[in-house]
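Trainee: Provided herewith is a single structure, encoded as C-alpha cells, for subsequent inquiry.
Residue numbers (full-length UniProt numbering): 1 to 160.
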C-alpha cells in the first residue's frame, strides 16, 4: 500500500473542474474537481511551494519529471506536464502497454521513465508545485492525464 501523499503538480498545470480546465495554482479550499467515478469533490487542502523550500528527503521524492504532449497516448497529456516523480499516475494502452506489457496500471511517475517523451525536467531549480488533498482518495485529470490525489487525514499535511 502506498503512503498518503498530496497530489503534486507544477503550478502551471490545468485540472478539470465542473466549469472546465483551470490552473492548479489558482485552486482554493472548497473548489470542486471532477473525479473519475466519484463525481465532483471539494479540495480540502491546497498549498503551492517551491521545490527549493523543501527538505532534502522530500526533494529527492519530488524530482520533477516532464511528460511531453502525447507521450501517454493521443492528447495525453494536453501540453507538457511536469509532475513530482512520486506522483501516482493512472495509465493504460498505447505506449505504456507496449513498454510494460500490461493494459491499465497505476504507478509512480518515475516508472514512466523510458517512454519516449518522459524525462527529468530541465529546471533552474525554481519548480513550483501545487499540492492538494481531497475528502477521499480520488483520481483527477491534470492536463488530460488521470492522477491520484489522496484523502485529507487529520494531522496530515500531505508530506507523509
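Built from N, CA and C at the ideal position, the CB exists for glycine as well.
Which whole runs of the beta strand (DSSP E) in the UniProt domain "Hedgehog/Intein (Hint)" (8-146) are 3 residues long or more, in chain order?
Mentor: Listed in chain order, the complete beta strand (DSSP E) runs (minimum 3 residues) inside the UniProt domain "Hedgehog/Intein (Hint)" (8-146) are 14-17, 20-23, 32-34, 40-50, 64-67, 81-84, 88-92, 104-108, 118-120, 128-134, 138-142.
Trainee: Measure the alpha-carbon distance for residue 128 versus residue 26 and round it to whole angstroms.
Mentor: Approximately 13 Å, taken between the alpha carbons.
Trainee: Between the beta-carbon of residue 44 and the beta-carbon of residue 137, is there less than 7 Å?
Mentor: Contact flag unset, no.
Trainee: For residue 17, collect the residues of the same chain with a Cβ closer than 8 Å to its Cβ; drop the 5 residues on either side in sequence, then sort them by chain order.
Mentor: These residues qualify, in order along the chain: 31, 32, 33, 34, 40.
Trainee: Check the C-beta distance from residue 145 over to residue 24 and give it rounded, since I have them as a contact under 8 Å.
Mentor: Their Cβ separation, rounded to whole angstroms, is 13 Å, which puts residue 145 and residue 24 out of contact at 8 Å.
Trainee: Cα-Cα, which of 7, 8, 15 is closest to residue 78?
Mentor: Out of 7, 8, 15, 15 has the C-alpha closest to the C-alpha of residue 78.
Trainee: What residues in its chain sit with their C-beta under 6 Å from that of residue 162, if we drop five residues either side in the sequence?
Mentor: Because residue 162 is not part of the residues shown, which for the chain are 1 to 160, the question remains open.
Trainee: Would you grab the beta carbon distance between residue 140 and residue 37 for me? Rounded to a whole angstrom, and I think it's under 8 Å.
Mentor: That belief does not hold up - the Cβ atoms of residue 140 and residue 37 are roughly 11 Å apart, past 8 Å.
Trainee: Could you round the C-beta distance between residue 85 and residue 109 to whole angstroms and report it? I think they count as a contact, below 8 Å.
Mentor: Contact holds; Cβ gap of about 5 Å.
Trainee: Report the rounded CA-to-CA distance for residue 89 versus residue 147, giving the unit in angstroms.
Mentor: Whole-angstrom Cα-Cα distance: 5 Å.
Trainee: Are the Cβ atoms of residue 152 and residue 133 separated by less than 7 Å?
Mentor: Against a cut-off of 7 Å, the Cβ pair of residue 133 and residue 152 comes out as a contact.
Trainee: Would you call residue 19 buried or exposed, if buried means 16 or more other Cβ atoms sit within 10 Å of its Cβ?
Mentor: Classification for residue 19: exposed.
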